[in-house]
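For what it's worth, my numbering labels the leading residue of the sequence shown as 1, then goes sequentially.
Everything below concerns the one structure shown next.
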Amino acid sequence: MKSLHAERHLARKLELLGQMTANTEKLQRFILKRNMLGLKRVLQEMDRLIEELSAINILLASQVNGWQQPAGFQAAAKDLALQQTALVTAYRQTLQAAAAEQQQIAGELRELRAAQRLQTGYAGSWAPHPGGRLSVKG
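As structure tokens, this is what we get:
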């Protein structure tokens, strides 16, 4: 009975890792497209998946000692742990790339706003005023 629970938890962990891998690839595409809204949505979904994965990891770690483990259980668990480690590394690199891209976009926006402020500050100051004769009494 307990080995059935273990198999179910491992299957769910495998499913979560697959979803997280797909989301990491989506994140990389959104970074290249500079789509920050899509990036935010996928990051929120990744937070939910990470919470669920950590709950499954806690369950597996706390109950693994009491289970009668089949022969393939340890191999599958080790394979999933390696896959999880690779995913965490890829996800961390993707988040660093996203942060760098966000900083670059913010810098470009600051430069653009500064140029617009500079241009609007000087654009009409040298042009003649409408009505023309400001000093003539009329």
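Beta carbons are placed, not taken as given, at the ideal position from N, Cα and C, and that holds for glycine.
Have a look at Q84 and Q104 and give me their C-alpha separation to the nearest angstrom.
30 Å
Cα-Cα, which of A61, R12, F73 and Q28 is closest to E52?
R12
How would you label L32, buried or exposed, when you count the other beta carbons within 10 angstroms and need 16 or more for buried?
exposed
Which value, in whole angstroms, describes the spacing of the CA atoms of K40 and A98?
10 Å
Rounded to whole angstroms, what's the CA-CA distance from Q93 to N57? Just pull it up for me.
22 Å
Determine the direct distance from the alpha carbon of R34 to that of Q119, and round the result to whole angstroms.
27 Å
Cα separation between A6 and A86?
22 Å
Return the CA-CA distance between A75 and L17, expressed in angstroms with no decimal places.
17 Å
Helix, strand or coil at R34 according to DSSP, with G and I counted as helix:
coil
Do you know offhand how far V88's Cα is from L109's?
31 Å
Quick check on the burial criterion: 16 or more other C-beta atoms within 10 angstroms. Buried or exposed for L27?
buried
Does A97 have its Cβ less than 8 Å from a Cβ in chain D?
Reference to chain D is not applicable here, since this structure consists of a single protein chain.
Own chain partners of F30 with C-beta closer than 7 Å, once the 5 adjacent residues on each side are dropped:
G38, L39 and V42
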